[in-house]
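What follows is a set of notes on a single structure, which appears directly below.
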Amino acid sequence: YIHVVDLAKGHVRALEAFEAGTVPNLLAVNLGTGQGCSVLDMVQAFGAACGRPIPYRVVGRRAGDVASCFADPTLAQQLLGWRAELGLAAMCRDSWNWQRANPAGYG
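Quick note on the working numbering: the sequence shown kicks off at 7 and runs consecutively.
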């Protein structure tokens with residue numbers, strides 16, 4: 007997971023580097039925190055953000071579920087001078103605040 011603000015800042019840094027000619031054309035660069043989190047971590051962080059526990063059940067993995075997946079942001083740090091600054095708690099807090107302010111979504 008990555009905070010939308012960090013993602014936007016990473017895209018701006020990529021565009022700046024592209025315009026300056028300091029990165030090769032069509033180079034894929036991962037933007038992420040470099041840290042994974044479990045589904046339980048996410049449930050607990052969102053529960054903390056909204057101020058109430060979120061009910062859940064622990065069950066077995068489904069066929070095809072990936073054990074671990076996260077972005078390695080090393081290249082973004084080296085080429086773009088970019089690093090994610092906001093963590094899981096901020097992601098959940100800001101997502102919850104936006105949803106409370108916009109209960110009908112973008113409509």
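A virtual CB, placed ideally from N, CA and C, is assigned to each residue, including glycine.
* Contact under 8 Å by Cβ, Leu37 with Ile8 -> Position 31 of the sequence shown, counted from the first residue, corresponds to residue 37. Position 2 of the sequence shown, counted from the first residue, corresponds to residue 8. At a Cβ-Cβ threshold of 8 Å, Leu37 and Ile8 count as neighbours.
* Between the segment 68-87 and the segment 102-111, do at least 3 Cβ pairs fall closer than 8 Å? -> Because the criterion of three Cβ pairs below 8 Å is not met, the segment 68-87 and the segment 102-111 do not touch.
* **Nearest to Leu81 (by Cα), restricted to the options Thr39, Glu25, Ala14 and Ile60** => Locating residue 81 in the sequence shown gives position 75, counting from the first residue. Residue Thr39 is the option with its Cα nearest to Leu81.
* To do: Go ahead and pull the three-state DSSP assignment for Ser101.
  => Taking the sequence shown and counting its residues from 1, one reaches residue 101 at position 95. Ser101 falls in the helix class under three-state DSSP.
* Between the Cα of Cys56 and the Cα atoms of Ala95, Ala14, Lys15 and Gly113, which residue gives the shortest distance? -> Translated into positions along the sequence shown, residue 56 becomes position 50. Closest option to Cys56, Cα to Cα, is Ala95.
* Alpha carbon to alpha carbon, how far is Met48 from Trp102? Give it in angstroms, no decimals. => As a working note, residue 102 is residue 96 in the sequence shown. As a working note, residue 48 is residue 42 in the sequence shown. Using only the alpha carbons, I get a separation of about 13 Å.
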